[in-house]
Amino acid sequence: MAGLTACGSDTSDGGKAGGKGDSGGQSVGSPLAALKLASQRTDQQHSAKIDGTIKSPLANSDMTGAMDWSDGMRADMQMTSKGGAGAASSPGGDKPVNVRYTPDAMFMNAAAMGIPAQGKEWIKYDYDLLAKQGGPSGAYLKDQMQNNNPSRSVQLLLATGQVKKVGSEDVRGVGTTHYTGVVKVSEMARAQSKGLSQSELDALEKQLKQSGADSETVDLWIDDKNLLVKKREQAKSKTGVTDSTVYYSDYGTKVTVEEPPASQTMDFQKLQQGSQP
């Protein structure tokens with residue numbers, strides 16, 4: 068759920084900006100300073116078009132759509148999934164599935180996934196319920212879904228204080244500067260969580276360690292307007308490798324997300340209780 072947006076954190080700047088002024092395309096004195104400016108510029112845009120891929124042991128997914136983070140995270144996406152290693156099949160097969168995100172819940176089109184939902188068209192995943200049922204990871208997921216936006220991937224690398232400038236690269240016809248860094252998973256959870264208590268963070272860190280997750284490599288491509296154009300995140304755990312690549316474009320685009328009517332939604336926990344697939 069969180070993979071199609073970004074990981075990241077709200078952190079201190081991690082370095083002092085250099086160069087001339089604070090305008091788009093400015094010259095900066097260090098990778099940390101460049102990423103600080105990119106975080107600010109990207110966050111100020113409030114919306115963007117998104118497309119990318121997520122490869123994991125559970126499923127491989129393609130996605131396209133748009134998101135708005137001006138007042139909580141809202142997004143309208145089309146996702147196409149195929150079974151990954153160890154996964155026999157994925158909901159929807161190779162058909163696009165409409166997924167809508169609001170500040171309080173995620174909605175997936177049950178009909179497109181081929182899931183019987185007692186005649187309802189949509190399945191609702193309420194973040195509060197996910198937090199209650201999922202323990203520390205559920206609380207973490209709720210925090211991520213409610214506070215996410217592309218700039219948080221930039222802020223995540225800032226939090227490490229260790230960023231490497233790879234060089235200049237072309238991304239879909241756009242000139243960019245490529246930056247990379249490695250984030251310890253235990254540090255990432257603490258850095259990027261707004262609403263988790265200390266006890267929840269401790270439990271989450273323990274859970275992450277038990278999963279075999281140690282670190283995550285984050286690569287970012289920033290254009291001459293100091294906007295995030297591409298991000299790639301790679302992480303390993305006991306179940307395998309997760310590799311997510313997302314492209315951002317058309318910053319400032321208008322995004323409309325219509326929440327499905329309550330009469331056409333089925334809460335996911337009711338499906339569980341009814342022994343539905």
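The numbering of the sequence shown is the numbering used here, which starts it at 68 and goes up by one. Glycine residues also receive a C-beta, built at the ideal position from the N, C-alpha and C atoms. Source: prediction; values computed, not measured.
Within the stretch 178–244, the complete alpha helix (DSSP H) runs of at least 4 residues fall at 194–214, 218–227.
For N127, the beta-bridge partners assigned by DSSP are K122, K149. Counting only residues of its own chain and dropping the five nearest sequence neighbours on each side, K116 has a CB closer than 6 Å to the CB of A133, S316, D317, T320. Three or more Cβ pairs closer than 8 Å define a contact, and the stretch 102–109 falls short of that threshold against the stretch 119–138. Proximity to R239 across D135, K337, V322, D118 peaks at D118, based on C-alpha coordinates. In the three-state DSSP reduction, K305 falls in the coil class, being neither helix nor strand.
DSSP, read as helix, strand or coil, puts L294 in coil. In the DSSP annotation of this structure, the continuous segment of the alpha helix (DSSP H) that includes D110 starts and ends at 98–112. L287 has Y246, K298 as its beta-bridge partners, per DSSP. With respect to the 8 Å criterion, M140 and Y168 are classified as neighbours on the basis of their beta carbons. Boundaries of the beta strand (DSSP E) around V164: 164–168.
The beta carbon of A178 sits closer than 6 Å to the beta carbons of E188 from its chain, once the five residues preceding and following it are set aside; these are given in chain order.
Straight across, the Cα-Cα distance linking L338 with L196 is about 13 Å.
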